[in-house]
Amino acid sequence: MAEKFQNKYRIPSARLQNWDYGSNAMYFVTICTQNRECYFGDVVDGEMHLSEIGKIVEEEWLKTFEMRPDMCLQMDEYAVMPNHFHAIIVIGENQYNVQRKDAMHCVSTNNKFAPQSKNLAAIMRGFKSGVTVNARRIDADFAWQARFHDHIIRNDESFQRIRNYISENPVKWSNDKFYNIG
Numbered sequence: 001m002a003e004k005f006q007n008k009y010r011i012p013s014a015r016l017q018n019w020d021y022g023s024n025a026m027y028f029v030t031i032c033t034q035n036r037e038c039y040f041g042d043v044v045d046g047e048m049h050l051s052e053i054g055k056i057v058e059e060e061w062l063k064t065f066e067m068r069p070d071m072c073l074q075m076d077e078y079a080v081m082p083n084h085f086h087a088i089i090v091i092g093e094n095q096y097n098v099q100r101k102d103a104m105h106c107v108s109t110n111n112k113f114a115p116q117s118k119n120l121a122a123i124m125r126g127f128k129s130g131v132t133v134n135a136r137r138i139d140a141d142f143a144w145q146a147r148f149h150d151h152i153i154r155n156d157e158s159f160q161r162i163r164n165y166i167s168e169n170p171v172k173w174s175n176d177k178f179y180n181i182g
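This is how it looks when you write it as structure tokens:
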């Protein structure tokens, strides 16, 4: 049975338990639009053609790295698709994850929730928010799916496989699990 918070059922977190998502690591993220609506453009002959909202997605992703120099973020492969977004993002070693690591060795706590700043969730929340505010100026109905998918990249083989998947996504669009006709 799902746990309740403020007398409402909660969906369990999809995040890896006991992992600090502010850690120095590589992450593969995917975010879908609500109901997989195709707001971001079209794939024509294996090439993605961005709509105005698709261009906003790309601009906001690029701004993500400019806005957070203190987190030592690194951008890698990314793809704006008609109804979803894939990216590899690296959170570098920085003052926040070094402090958290040091604090974890010194302090015992029973908190179930990690700090929600200077981590992957905060980055994705800011990105989604920036896109939403600007996209709704074009289409008031624009919305993201509530959550995002993440995968912690742990080795070079996984990194290369994911990187290829992202770069080949437009070419393989009609076979993509997020493909939506209509």
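In terms of full-length UniProt numbering, the sequence shown opens at residue 1 and continues consecutively. All C-beta atoms, glycine included, are put in the ideal place defined by N, C-alpha and C.
The alpha-carbon of His151 is positioned some 9 Å away from that of Thr30.
Asp76 sits in a strand when the DSSP states are folded into three classes. Taking 8 Å as the cut-off, the Cβ atoms of Val57 and Val80 count as close. Closest in alpha carbon position to Glu52, among Asp139, Gln99, Met26, is Asp139. Below 8 Å, too few C-beta pairs join the stretch 145–159 and the stretch 55–75 to call them touching: fewer than three.
A Cβ-Cβ separation of about 4 Å places Gln145 in contact with Cys32 under the 8 Å criterion.
DSSP places Met48 within a strand segment (E or B) once states are collapsed to three.
When only Cα atoms are considered, Phe65 and Asn83 end up about 23 Å apart. About 4 Å separates the Cβ atoms of Gln34 and Ala143, confirming a contact at the 8 Å cut-off. The DSSP-derived three-state label of Tyr27 is strand. Looking at Tyr78, Ile88, Cys72, the one whose alpha-carbon comes closest to that of Asp156 is Ile88. According to the DSSP secondary-structure assignment, Trp144 is paired through a beta bridge with Thr33.
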